[in-house]
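Chains as they are written, first to last, in the UniProt record's numbering: chain S, 1 to 347; chain R, 1 to 224; chain H, 1 to 111.
Ideal placement from N, C-alpha and C gives every residue a C-beta, glycine not left out.
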């Protein structure tokens with residue numbers, strides 16, 4: 001039996017989760033929400049996390065009805081992510097580990113998402129689409145590693161959505177992506193946008209600047225004038241949100257399908273914050289049905305960054321014998337998914 | 001006429017059929033219901049045209065690719081030459097590794113890398129960008145006691161002289177090799193070495209563009 | 001890194017007392033893990049004097065000294081808060097008190 005407490009704080013969520021042998025005992029989280037038009041900056045996000053983290057640790061222990069000595073391992077997100085907020089989680093994790101005399105483990109954030117998705121959905125060996133504010137990757141397991149088959153060659157899909165939401169001043173509460181999704185539901189007017197797929201890789205930066213021009217015509221008129229857009233368009237915000245989603249999600253589904261064909265796999269698991277978008281899930285489900293495959297997805301409790309996923313991935317590592325010297329309990333902004341040796345899988 | 005489905009690839013379904021009495025492969029890009037109909041039509045037409053064009057360009061340049069016999073935009077079907085004895089480079093690599101001794105396998109794969117590199121170099125020297133270079137999209141076709149290399153799946157291809165596009169093409173291949181054939185990490189460097197001998201006068205510029213695309217991938221911060 | 005610090009560096013020594021030598025040692029271990037960012041040209045030396053954590057900063061520029069000290073204090077405060085709230089070893093028991101963790105600009109949810 002492994003009982004693990006996990007701390008996640010790599011971006012604008014700070015979350016604590018407790019898990020015992022795959023059974024969820026607590027999963028609490030707070031989100032740093034910035035005003036419309038503003039993104040979250042590292043320093044301010046770290047301040048938010050510092051103010052919330054200890055209360056969350058208490059809440060989680062209370063919810064789980066556990067005392068510190070019931071825990072076998074304390075896990076924290078080692079990276080990737082923004083260093084200042086990551087450090088908040090690491091400092092508390094280190095301190096608790098020494099105070100309570102419980103081993104400490106650093107966990108790769110992306111691995112946390114994948115393992116949590118597998119646990120919740122029961123997917124065995126899926127192609128994983130990992131989509132969030134900082135990552136866009138198509139991943140498959142092979143020979144003790146989660147290998148990256150496709151990814152964005154510039155910005156992440158969630159970053160593209162968040163930045164567009166900021167341009168049209170959508171609320172960041174509960175998240176910019178959620179508000180784009182809601183607004184998109186009120187349109188079915190498809191505006192042609194660039195569609196950029198290169199093998200199993202995608203690119204979003206060109207789409208973002210193109211749609212920025214459509215959303216704010218005139219703002220960049222000296223830069224580039226597109227002949228067909230010379231007249232002021234009458235696209236509504238909803239039309240733009242709808243078309244942006246339709247385009248970028250079609251790209252994601254396409255590269256996922258290409259990875260399925262390449263790897264000969266029939267299961268897809270979507271993880272990461274963008275993964276709770278119901279339109280993306282719907283499109284992926286249709287693709288899977290067309291090729292006799294199966295989609296696995298989770299809701300916002302597990303898709304969006306949370307402490308539980310760190311606890312669970314850490315528990316799997318701990319169970320399979322992984323230990324970490326205390327001096328290695330640092331954080332790192334860059335930490336690729338395929339750097340981690342997946343010691344807990346035997347297939 | 002009921003056709004035998006060979007395979008459902010990423011791009012569409014593959015059937016065995018015939019065109020004017022000649023056995024051929026039919027690739028049907030069926031309507032993908034997950035995409036907006038307008039986007040789907042646009043993508044399907046674009047990919048079919050790209051595939052037919054690139055195949056013609058390759059053959060004209062002396063690079064083996066399936067001959068396109070007929071293209072039907074209304075039924076989204078492309079009729080093309082079928083190589084019934086061919087296997088994918090992916091299968092070829094895996095079989096070579098599992099059936100030969102380590103030294104033999106490596107020798108065989110180094111020769112394979114040389115050929116692949118030269119063909120991709122030749123393709124780029126003709127400014128053909130494949131767009132989806134993976135070991136699933138390269139066929140190894142036995143011929144006599146030897147084999148020939150055939151490039152397939154040109155749906156994402158285009159014609160471009162820009163070094164950026166060639167750099168990205170190489171980057172896509174490198175990543176595909178690293179993820180699919182992680183046990184043979186040496187493949188790409190040998191392919192690249194052969195590529196350099198065949199890619200034409202832009203060699204230096206393409207290589208530095210490739211390094212730049214690679215660096216972008218490494219530098220990207222991954223938050224959340 | 002030492003070679004990059006001038007002969008007459010700006011220096012600051014911070015002495016932080018803890019309730020017990022054990023807690024001071026925990027603090028020492030926790031803050032020892034993080035290296036100063038290379039480009040800051042700051043040298044941070046940590047030592048323990050019984051129940052006191054001693055931190056010695058050296059930097060070429062006052063500005064980099066300030067940056068290093070500020071981020072050190074942020075970690076230190078969080079560490080002290082953690083010790084204050086969870087450090088009593090006799091307190092290995094279930095939490096029953098009500099918890100107030102409301103913050104500003106923050107959305108909260110529980111699953």
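#### Entry: Three-state secondary structure assigned by DSSP to residue 76 of chain R
coil
(Q) Run through the DSSP bridge pairs and tell me what residue 137 of chain S is partnered with. (A) S/130 and S/151
Are the CB atoms of residue 204 of chain S and residue 168 of chain S within a distance shorter than 8 Å? no
* Cβ of residue 115 of chain S within 8 Å of any chain H Cβ -> no
ask   = Looking at residue 105 of chain S and residue 283 of chain S, is the spacing between their C-beta atoms short of 8 Å?
value = no
- Message: Let me confirm a value: residue 44 of chain R is counted as buried when at least 16 other C-beta atoms fall within 10 Å, else exposed. Which label applies?
- Response: buried
I'd like to know whether the C-beta of residue 30 of chain H is nearer than 8 Å to at least one C-beta of chain S. yes
message: Rounded to whole angstroms, what is the Cα-Cα separation between residue 87 of chain R and residue 251 of chain S?
response: 28 Å
Excluding the 5 residues flanking residue 92 of chain S on each side, which residues of the same chain have their C-beta closer than 6 Å to its C-beta? 53
Measure from the C-beta of residue 161 of chain S to each C-beta in chain H and report whether the shortest distance is under 8 Å. no
- Rounded to a whole number of angstroms, what is the C-alpha to C-alpha distance between residue 100 of chain S and residue 183 of chain S? 48 Å
**Request:** Answer yes or no: does any C-beta atom of chain S fall closer than 8 Å to that of residue 51 of chain H?
**Result:** no
Query raised in the report: For residue 298 of chain S versus residue 117 of chain S, is the C-beta spacing smaller than 8 Å?
Result: yes
Q.
If we define contact as Cβ-Cβ less than 8 Å, is residue 204 of chain S a contact residue for chain R?
A. no
Taking 8 Å as the CB-CB cut-off, is residue 69 of chain H touching chain S? no
Going along chain S, which residues have a C-beta under 7 Å from residue 35 of chain R? 250
Problem set entry | Ordered list of beta strand (DSSP E) runs contained in the segment 41–103 of chain H, each at least 3 residues | 42–49 and 52–59
Alpha carbon to alpha carbon, how far is residue 29 of chain S from residue 84 of chain H? 22 Å
Tell me whether the segment 121–128 of chain S and the segment 253–268 of chain S touch, counting them as touching only if at least three CB pairs, one residue from each stretch, are closer than 8 Å.
yes
Note to self: With three or more beta-carbon pairs closer than 8 Å as the criterion, would you say the segment 277–296 of chain S touches the segment 37–46 of chain S?
What the structure shows: no
| Taking buried to mean at least 16 other C-beta atoms within 10 Å of its own C-beta, is residue 47 of chain H buried or exposed? | exposed
Next on the checklist: Going by the DSSP bridge assignment, what does residue 159 of chain R pair with across the sheet?
Outcome noted: R/128
Practice task
May I ask you to report which of helix, strand or coil DSSP gives residue 318 of chain S?
Solution key: helix
Check whether the Cβ atoms of residue 305 of chain S and residue 51 of chain S sit closer than 8 Å, and answer yes or no. no
| message | Does the CB of residue 46 of chain H have a neighbour CB from chain S at under 8 Å? | response | no
| said: How far does the beta strand (DSSP E) with residue 146 of chain R in it extend, from its first residue to its last? | reply: 146–151
Practice task
Answer yes if the segment 20–37 of chain R comes into contact with the segment 73–80 of chain R, meaning at least three C-beta pairs across the two stretches below 8 Å, and no otherwise.
Solution key: yes
CA-CA distance, residue 215 of chain S and residue 175 of chain S? 20 Å
Inset, instruction - Please list, in chain order, all residues of the same chain as residue 285 of chain S whose beta carbon is under 7 Å from its beta carbon, the five residues on each side excluded. - result: 295
Practice prompt. Measure from the C-beta of residue 190 of chain S to each C-beta in chain H and report whether the shortest distance is under 8 Å.
Written response: no
Query raised in the report: Should residue 73 of chain H be labelled buried (16 or more other beta-carbon atoms within 10 Å of its own) or exposed?
Result: exposed
| message | Using the three-state DSSP reduction, which class does residue 64 of chain S fall into: helix, strand or coil? | response | helix
- Query: If the cut is a Cβ gap below 7 Å, which residues of chain S does residue 9 of chain R touch?
  - Reply: 261
**Message:** Rounded to the nearest angstrom, what separates residue 277 of chain S and residue 144 of chain R at their Cα positions?
**Reply:** 54 Å
**Prompt:** Taking residue 113 of chain S as the reference, which of S/202, S/97 and S/79 has the closest Cα?
**Reply:** S/79
In chain order, what residues of the same chain have a beta carbon less than 7 Å from the beta carbon of residue 75 of chain H, not counting five sequence neighbours either side? 31
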